[in-house]
Amino acid sequence: MADQGQSLWFAFQGERLLVFEDGTVRVPLADSPEELDLDIRFRWEIGNLDGHACWAVEVDPDAGPPAGLEFRDLRSFFFGVDEDFFGMAGRAKQIVGWHTTHRFCGRCGGETERVPGELAMRCTRCGMMHFPRLSPAAIVLVKREDRILLAHSPGFPQGLYSVLAGFVEPGESIEEAVVREVREEVGIEVTNVRYFGSQPWPFPNSLMIGFTADYTGGDLAPEPGEIEDAGWYTADDLPQLPPKISIARAMIDDFAKQQGLDPEELKTPHSGPV
Ligand SMILES: [Zn+2]
Numbered sequence: 021m022a023d024q025g026q027s028l029w030f031a032f033q034g035e036r037l038l039v040f041e042d043g044t045v046r047v048p049l050a051d052s053p054e055e056l057d058l059d060i061r062f063r064w065e066i067g068n069l070d071g072h073a074c075w076a077v078e079v080d081p082d083a084g085p086p087a088g089l090e091f092r093d094l095r096s097f098f099f100g101v102d103e104d105f106f107g108m109a110g111r112a113k114q115i116v117g118w119h120t121t122h123r124f125c126g127r128c129g130g131e132t133e134r135v136p137g138e139l140a141m142r143c144t145r146c147g148m149m150h151f152p153r154l155s156p157a158a159i160v161l162v163k164r165e166d167r168i169l170l171a172h173s174p175g176f177p178q179g180l181y182s183v184l185a186g187f188v189e190p191g192e193s194i195e196e197a198v199v200r201e202v203r204e205e206v207g208i209e210v211t212n213v214r215y216f217g218s219q220p221w222p223f224p225n226s227l228m229i230g231f232t233a234d235y236t237g238g239d240l241a242p243e244p245g246e247i248e249d250a251g252w253y254t255a256d257d258l259p260q261l262p263p264k265i266s267i268a269r270a271m272i273d274d275f276a277k278q279q280g281l282d283p284e285e286l287k288t289p290h291s292g293p294v
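Here you go:
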């Protein structure tokens with residue numbers, strides 16, 4: 021058993037997390053970043069995992085990884101880590117990303133400084149406060165009797181289909197965003213928008229808010245550039261699906277269960293971006 025006094029260090033250099041592998045992907049456990057020989061710019065305590073305090077750490081962009089460790093893109097872990105680890109790494113990534121991109125004020129261009137004890141940066145020239153930004157996105161499983169709508173977007177791995185998603189626009193409720201996104205992306209109308217659940221998604225700073233909705237009318241007309249293909253699928257004939265770690269997959273699995281299928285039998289890719 022490791023010393024409970026030590027912390028887990030979620031150290032990011034840009035988009036990449038400092039890890040090592042001993043069967044599974046892990047982050048280093050140590051008393052301090054200095055003990056790991058890490059040249060850091062910023063740290064912030066982000067929670068607790070397996071009895072250890074967890075820290076988000078911004079590593080100097082020019083620093084090489086310490087011996088035995090490597091920097092790896094967080095997206096490469098979709099298939100190899102558990103949900104709690106992924107969640108903590110995502111939290112660290114967003115906080116480090118916020119700190120990295122707010123060194124200067126967006127209003128006047130002045131340098132910013134940390135506000136002690138707060139997750140905030142203050143402009144040293146005009147005083148404007150800068151906080152981590154979250155971008156809410158609606159994600160929706162559209163049902164039509166015993167079928168669901170799945171789509172393939174450019175940028176998905178070949179053959180992978182998922183539910184629709186899009187960012188909420190200023191002045192819009194999340195339910196309105198669901199209806200608009202579905203209409204824009206595939207040209208159909210939906211109703212009965214019901215909350216399913218939510219998931220932080222750190223690419224770069226989304227909060228995915230999941231809904232189910234019922235089809236009411238229209239023919240599928242995928243929006244060029246956004247959707248390459250879309251179709252209606254029954255639970256026993258689903259295409260390749262997103263990994264378990266995503267809310268999209270949780271929604272599809274829930275549908276499959278309602279239809280009497282075992283979600284473990286569904287098709288999932290073993291690697292690649294989502
Ligand atoms: Zn300013």
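According to the numbering used here, the sequence shown is numbered sequentially starting from 21. The C-beta atom is built at its ideal place from N, Cα and C for all residues, glycine as well.
Heavy atom of ligand 1 within 7 Å of residue i beta-carbon
i	result
M148	yes
C74	no
R134	no
R127	yes
R123	no
R145	yes
G100	no
G230	no
G130	yes
Same chain, Cβ closer than 8 Å to residue i, five either side skipped, listed in chain order
i	result
L286	L258, L261, I272, D273, A276
C146	C125, R127, C128, G130
P81	Q33, G34
L58	W29, A31, L38, V77, V79, A83, P86
I66	F30, C74, W75, A76, M108, R111, A112, I115
N8	Here the chain comprises residues numbered 21 to 294, so residue 8 is not present and cannot be evaluated.
T132	H122, R123, F124, C125, M141, R142, C143, T144, H150
D51	G25, Q26, S27
Rounded distance between the beta-carbons of residue j and residue i, thought under 8 Å
i	j	result
A157	V206	Actually they are not in contact, since the Cβ atoms of A157 and V206 sit about 17 Å apart, beyond 8 Å.
V202	L184	6 Å
L170	G237	Going by Cβ atoms, the distance from L170 to G237 rounds to 19 Å, so no, they are not a contact pair.
I159	I247	Actually they do not touch by this definition, with Cβ atoms about 14 Å apart.
F16	R142	Because the chain in this structure spans residues 21 to 294, residue 16 falls outside the shown range and cannot be described.
D249	H172	5 Å
Same chain, Cβ closer than 7 Å to residue i, neighbours up to 5 away in sequence not counted
i	result
Q279	D166, A255
G100	T44, V45
E78	F32, I60, R61, F62, V116, H119, T120
E284	none
E103	I265
S291	Because the pLDDT of S291 is 48, which lies under 50, any placement of that residue in the model is unreliable, and the question is left without a value.
Neighbour-count burial assignment, residue i, 16 or more Cβ in a 10 Å radius
i	result
A87	exposed
F97	buried
T144	exposed
V198	buried
P224	exposed
M149	exposed
F105	buried
V135	exposed
P244	exposed
G25	exposed
Y4	There is no way to answer for residue 4, as the model of the chain reaches only from 21 to 294.
P53	buried
P48	buried
R111	buried
L94	buried
L161	buried
S27	buried
L154	exposed
S193	exposed
F187	exposed
F151	exposed
Neighbourhood of residue i by C-beta, 6 Å cutoff - its chain only, sequence neighbours within 5 removed
i	result
W64	A76, I115
D282	none
S182	P262, A268
Touch test, the stretch 215 to 223 against the stretch 261 to 270, Cβ-Cβ under 8 Å, three pairs minimum
yes
Three or more beta-carbon pairs under 8 Å between the stretch 228 to 247 and the stretch 207 to 216, yes or no?
yes
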